[in-house]
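These notes concern the structure reproduced below.
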Amino acid sequence: MNSIPHIQPPKFFLRFFRWFCDPALAEDIEGDLTEMFEREIGAGNITKAKLQFSVRILGLFRPGIIKKVGRSSLNHPSPMFKNYFITSVRSLMRSAGFSTINIVGLAVGLATFSLIAFYVYSELSFDRHHEKADRIFRIVENLRTENEELFQSTSAPPMGPRFLKDFPEVESYVRLQQWNLLAQRNDISSYERESYIADSSVFDIFSFKLLKGDKKTALREPFSIVLTESMAKKYFGNEEPVGQTLRMDYDNYKVTGVMEDAPENSHFRFSNLISFSTWSRNNKRAEDNAWFWNGFHTYVLLREDASVDNVRAKMKDFLERNVEKGGMYYEDLPLQPLASIYMAPPRTWENGSRGSMNNMYILSIIAVFILLIACFNYINLATARASRRLKEVGLRKTLGAFRRMLIAQFLGESLIITIVASLIAIILVWIALPPFRTLVESPLNFSILPNAWMVASVILALVVFIGLLAGAYPAYIISKFQPIQIFRPSSKGIFGHNALRKVLVSTQFIISIMLVAGTLLVYDQLDVVRNQNLGFDKEGIIVVPTNGDTAIVNYLDVIKNELKQVPGVTAVAGSTSTPGQSANNNYTQIEMTDGKMSPTNINFIFIDHDFLSTYQIKLLAGRDFQRDVKSDDTTAYLINETAMKDFGWTPEQALGKKVRGRYEGKIIGVMKDFNYRSLHTKVEPLMIAMTRNVGRMSIRLEGKNLPATISRVQKKWNELIPYLPFDYSFLDVEFDRQYKADKQLGKVAGVFTSLAMFIGCLGLLGLTAFVVERRTKEIGIRKVLGASVPSVVILITREFIWLVMIALLVATPLTWYLISRWEQNFTLQAVINPFRFVMAGLAVFLVAWLTISVLSLRAANANPTKALRME
Amino acid sequence: VNRHQLGEFEEIVMLTVGILYKEAYGVAIIDEIEARQNRKVSIGALQTVLRRLENKGYLTSEFGETTNVRGGKRKRYFSLTSLGSRILRETQDQRVEMFRAIPRIAFPKS
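First to last, the protein sequences are chains A and B.
Numbering-wise (the working numbering), the first sequence opens with residue 1 and increments by one.
Numbering-wise (the working numbering), the second sequence opens with residue 1001 and increments by one.
Okay, here's the thing in structure tokens:
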């Protein structure tokens, strides 16, 4: 008997038995089955035993053993449910047109809603995948200088270690700094813009998975590098990368590990991590003392029992003890919870991309609107067509149906419609997901969703909710009919809910107008931004990174001259950064009007002689750097208009003021302001100095055939510096990328506005069809009595025109308010053009009118004899 | 009297439950019937009849101890109720009475 437990009875049949068997009987019968099965196994014939087991279970599938359903009810409703189902399906089939409108409307609504919900969910899911996410905080800095308050995402190198020392709540810290390195191996060379140096604690704090290598030691030694899987594949193919070396810029790095790619929904992503000691071994002094050098992103991990409020409470004391006052003060060191970073308003020097909470709100509102429009369609059509079900309801009531049974019936009907619609919606989502991914520029992997059961139950809940929302009012109205009304149809009793229908339709119009006007205004704002005079000419410039390559630094003028020879190239300039990027913020001392040197932190760009002329930046006073003035290289500074005003100078006063920064020198010129960052932030004070250490080359092109010019430049480039990739980008494209989130919003809003209009029109079409149908005879009589076609059309459309007018009145102030709130994100705001509302109103009206006219024209043109001959 | 008419299989089952006294559970009943009557009994048929008889009040049942065999499932032991035993006796008496009422001449000589 010992071998018996190894052989299991057929699982499938056992499960089947457990499913159908009355639970009161299940235990002992299953015991009997098992006993017989075990006995037959003991007799030796396994196949026969299994067969017998299955046959017995099939034999048990009979009344008396099968569990009973719904036996408790007095009135045996299960055949009644069947009847409800049949009548529902019949009534849906009978009015196939209306059902289609309802189902298509709801399906499109549900599909849109799920897509947007998926997107919003994915945006809100950022960084929550880290196991210790709720204990990880980023130290950010609020600094005050003489002139302004700075909100930086970065912090000083000693910050992390000192936190660990001073706060018992802090368990660990990690400092990260982004490097842009040129990686080379064999014939592959490309810029790894997302390289980060990191303390070795990075793997303890974040849940990044190390696939190969030891997380304790991988980032210990200088010049150790841990590659992500995709970067390992890029440079090493199928070779084993661990233990090999990889050349980056001028150093050889030893690969000590391979890790999984950072998930798509991480607020910063990287292609590799480099040991922190690579930097710190030569910068010990800076690491310990550079309290005003905000070059690192520092994350701290708090202990499990610690509360962040305790740490915050001791912050003032911490600052007083550790940070001596220099040119600026630490106002505060806020701690940002990891999961909130992605959606928080961006600070300066952010790592990685940022989302926009505003856009999430706007999209969610649109999603709910679209779903509402679809529900209103159902409510409108169902109540409008309620009279059709009068006889059925009357009969049911006469035969003794309770009101709640009728309510259940009609709620069931709307549930059926919603379920059918949701099945179609699933197909629609399936089709629309790839283009939607491109639209929102997000990978939207299903892997970010919680487990399938959660998703399924949320969807189910949504379907039931929508079914009830759409079905509740119609069910209430229809079940209210008194049987007597069938024989004495006073129009009041049945059609008294006309007012509600008007409210719903005008709400739909309001939503449509808001969406259309809103989209137009968003585009207006984006146009203003795009055509704004930036203070420099961004068209026709390509930017090539050089990463401070020594050959270029040493032979800068030669290389620039060679490139300038290429036909189509008009100017070449080198600089550390280009407009649209962040600028360096450096500690500087500047001579004030009273002659004292005042310390401050100011944004810096380092350029060469040709930068201003290449970018066509204008000067208010003084002069540009000049080649024939040799001392310019080491003594000259330029400042911008804002800085000049901040210091309280006139352009003339500014000239000659002493500056102690990278070198001791004087201000030789004042530039007109240009937007070296985005228009989301106002132009900040800027100082410009000379450098030969260029990191980026800007090349201005002219002529129509840019691609040909670019390939000529590339050819020249490859001749001059063959090992350096010609990895160019267009400055205007790069610059516009800063408005990515805004442009995206415009595009997404545009698409969904059209969808909302489409669903709204479907409903309108249905309503008109119904009105026309009900008034067939009236129209016939009118025509017989001499009414013209236009007068009949007006008769039908008149009602809707009123509604559009009212909707326009309501929608205008609402949209006005919302858009002006949104525009506060920009320093330069478009004037809200009232004409846009007229346009939106007209557009909505036109579409609505066209929809209505199609049907009403047909009705008006029909031969009245046909209408009157009926019955 | 007619209300309490037992079917043939019902009668056999009740008799077997009586025979097995205290040991009458599903598999034992099947074995007993198969041994005595030389016929196949399906568990489906047996269980349906057992429950029907229980609903009529002729049988009663209770769970036995938990055991390690049978996949840990308890046995359900059936026993005759007083109503059940009265019905069974009445049925037997009827049969015997009817058998006795057959005139001897009716039996062919064997």
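The beta-carbon is built from N, C-alpha and C at its ideal position, and this holds for glycine as well.
Remember, it's a predicted structure, so these values are computed and weren't measured experimentally.
Scanning chain A for C-beta atoms nearer than 9 Å to the C-beta of residue 1026 of chain B yields 28, 29, 31, 32, 33, 35, 36, reported in chain order. Taking a contact to require three or more Cβ pairs closer than 8 Å, the region 739-756 of chain A and the region 505-525 of chain A qualify as touching. Judged by DSSP secondary structure, residue 545 of chain A falls within the beta strand (DSSP E) whose first and last residues are 541-545. For residue 682 of chain A, the closest of A/831, A/359, A/358, A/825 by C-alpha to C-alpha distance is A/825. In its chain, beyond the 5 residues on either side, 780, 783, 784 have a beta carbon closer than 6 Å to the beta carbon of residue 864 of chain A. In the DSSP assignment, residue 1055 of chain B falls within the alpha helix (DSSP H) that extends over 1043-1056. Annotation: the continuous alpha helix (DSSP H) that includes residue 202 of chain A extends over 202-205. Taking 9 Å as the cut-off, the beta carbon of residue 766 of chain A is found no closer than this to the beta carbon of residue 1045 of chain B. For residue 344 of chain A, no beta strand (DSSP E) encloses it, and the DSSP letter there is neither H nor E.
In the three-state reduction of the DSSP assignment, residue 587 of chain A falls in the strand class. Bounds of the alpha helix (DSSP H) holding residue 782 of chain A are 776-784. Residue-level contact by beta carbon holds for residue 64 of chain A and chain B, with a gap shorter than 9 Å. In the DSSP assignment, residue 252 of chain A is bridged to A/247. Residue 532 of chain A is classed as exposed because its beta carbon has fewer than 16 other beta carbons within 10 Å across all chains shown. Within chain B, the residues whose beta carbon sits less than 9 Å from that of residue 56 of chain A are 1042, 1043, 1044, listed in sequence order. DSSP places residue 603 of chain A within a strand segment (E or B) once states are collapsed to three. Listed along the chain, the chain A residues whose CB falls inside 7 Å of the CB of residue 1048 of chain B are 62, 64, 65.
A residue is called buried when at least 16 other Cβ atoms come within 10 angstroms of its Cβ; residue 713 of chain A meets this threshold and is buried. Between the alpha carbons of residue 288 of chain A and residue 233 of chain A lies a distance of about 37 Å. For the pair of segments examined, the region 620-627 of chain A was found to touch the region 598-612 of chain A: the number of CB pairs separated by less than 8 Å reaches three. Counting only the Cα atoms, residue 443 of chain A lies some 23 Å from residue 368 of chain A. The region 753-773 of chain A makes contact with the region 102-110 of chain A, as at least three CB pairs between them are under 8 Å. When DSSP states are grouped into helix, strand and coil, residue 291 of chain A belongs to the coil group.
Chain B has a Cβ within less than 9 Å of the Cβ of residue 25 of chain A. Residue 226 of chain A and residue 248 of chain A do not touch by the CB rule: their CB atoms are close to 13 Å apart, not below 8 Å.
Within 10 angstroms of the beta-carbon of residue 377 of chain A lie 16 or more other beta-carbons, which makes it buried. Under the 10 Å beta carbon count, residue 673 of chain A is surrounded by 16 or more other beta carbons and is classified as buried.
Taking a Cβ-Cβ threshold of 8 Å, the residues of chain B close to residue 59 of chain A are 1042, 1043, 1044, 1045, in chain order.
CA-to-CA, the gap between residue 534 of chain A and residue 730 of chain A works out to about 16 Å.
Under the three-state reduction of DSSP output, residue 62 of chain A falls in the coil class, being neither helix nor strand.
Minimum Cα-Cα distance from residue 66 of chain A among the listed residues A/401, A/20, A/38 corresponds to A/20. Against residue 1071 of chain B, the close residues of chain A are 30, 31, 34, in the order they occur along the chain (beta-carbon pairs closer than 8 Å).
Contact between the region 1022-1034 of chain B and the region 1072-1079 of chain B is established, with three or more Cβ pairs separated by less than 8 Å.
Counted as a single uninterrupted DSSP element, the alpha helix (DSSP H) harbouring residue 799 of chain A occupies residues 789-823.
The three-state secondary structure of residue 380 of chain A, taken from DSSP, is helix. An exposed status is given to residue 597 of chain A, since fewer than 16 other beta-carbon atoms sit within 10 Å of its beta-carbon.
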